[in-house]
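Peer 1:
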Amino acid sequence: MVKSTRHAKYELYYHIVFVPKSGGIEDSADLAEQGSAQYRRSHLTGKTKERLETIFAEICEDKGLELAESEVMPDHVHLFIGSPPKNAPSLIVNWVKGISARKYNQRYDDRVKWTRSYYVGTAGSASKGAVEQYIAEQEGGDE
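In UniProt numbering, the protein residues as written are 1 to 143.
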């Protein structure tokens with residue numbers, strides 16, 4: 001759906017994917033041995049998943065973003081966010097990752113940390129439905 005500001009009409013949606021850091025790797029030899037697999041620990045489940053979904057919705061509401069779709073998978077997060085053109089995709093990612101970690105860690109005893117890396121892709125009106133469907137289908141696909 002086309003939205004507008006005082007000076008622009010827009011339909012901007014971003015598909016954002018990021019992964020949590022895993023804890024417990026202290027030795028650099030262990031890190032080298034495990035490679036990138038260190039970042040794919042499955043711990044975003046149960047209460048953690050529910051809490052994060054709530055926090056992502058809060059952030060989007062506070063920042064004037066549209067959380068069109070979200071899916072917290074055991075080892076990564078998919079968000080489909082609509083935004084006015086004044087917000088750069090990198091800013092949106094920084095908001096979502098930074099604020100969610102801070103809020104989660106202040107509210108709960110277990111900790112959430114995100115890696116520095118992320119994926120962001122744009123989606124216009126033609127592919128918005130396809131991206132939403134893909135995200136919705138992810139819940140049962142990886143397990």
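Just so it is clear, CB atoms sit at the ideal spot from N, CA and C, and this is done for glycine as well. Model, not experiment: these values are computed from the prediction.
1. By alpha-carbon positions, which one of S100, W114, T115 ends up nearest to Y108?
2. Quick check on P74: does DSSP put it in helix, strand or coil?
3. Within the region 104-132, note down every full beta strand (DSSP E) run reaching 3 residues or more, in order along the chain.
4. Considering H43, what are the terminal residues of the beta strand (DSSP E) in which it resides?
5. So, is A123 buried or exposed, given that buried needs 16 or more other C-beta atoms within 10 angstroms?
6. Which residues bound the beta strand (DSSP E) around V17?
7. For Y10, which residues does DSSP report across the bridge?
8. With C-beta atoms as the reference, is Y104 less than 8 Å away from L67?
9. Restricting to Cα atoms, I'd like to know which of S4, G64, I55 is closest to Q106.
10. Have a look at I59 and T115 and give me their C-alpha separation to the nearest angstrom.
11. So the candidates are K47, R111, E69, G46; which of them puts its Cα closest to the Cα of H15?
12. Sort A130, M73, L65 by Cα distance to N87 and report the nearest one.
13. Could you name the residues that DSSP lists as bridge partners for L79?
Peer 2: In short:
1. Walking along the sequence shown from the start, residue 108 turns up at place 108. Ranked by Cα distance from Y108, the options S100, W114, T115 are led by S100.
2. Counted from its first residue, the sequence shown places residue 74 at position 74. Residue state, collapsed to three classes: coil.
3. For the region 104-132, whole beta strand (DSSP E) runs of length 3 or above, ordered along the chain, are 119-123.
4. The count along the sequence shown starts at 1 and reaches residue 43 at position 43. Looking at the DSSP string, H43 is not in any beta strand (DSSP E), and its letter there is neither H nor E.
5. On the sequence shown, position 123 is the one that residue 123 refers to. A123 is buried by the Cβ-count criterion.
6. For this step, residue 17 is matched to residue 17 along the sequence shown. Counting along the chain, the beta strand (DSSP E) containing V17 begins and ends at 13-18.
7. Residue numbering aside, residue 10 sits at position 10 when the sequence shown is read from its first letter. In DSSP, Y10 forms a bridge with K3.
8. As a position in the sequence shown, residue 104 is number 104, starting the count at 1. As a position in the sequence shown, residue 67 is number 67, starting the count at 1. Result no, Cβ atoms of Y104 and L67 do not sit closer than 8 Å.
9. In the sequence shown, counting from the first residue as 1, residue 106 sits at position 106. If we check each option's Cα against that of Q106, I55 comes out closest.
10. Within the sequence shown, residue 59 is the residue found at index 59, counting from 1. Within the sequence shown, residue 115 is the residue found at index 115, counting from 1. Answer to the nearest angstrom: the Cα atoms are 19 Å apart.
11. Your numbering for residue 15 matches position 15 in the sequence shown. Cα-wise, what sits closest to H15 is E69.
12. On the sequence shown, residue 87 is found 87 positions in, with the first residue counted as 1. Checking every option, the nearest Cα to that of N87 belongs to L65.
13. For the purposes of this step, residue 79 is identified with residue 79 of the sequence shown, where counting begins at 1. According to DSSP, L79 bridges with I16, S70.
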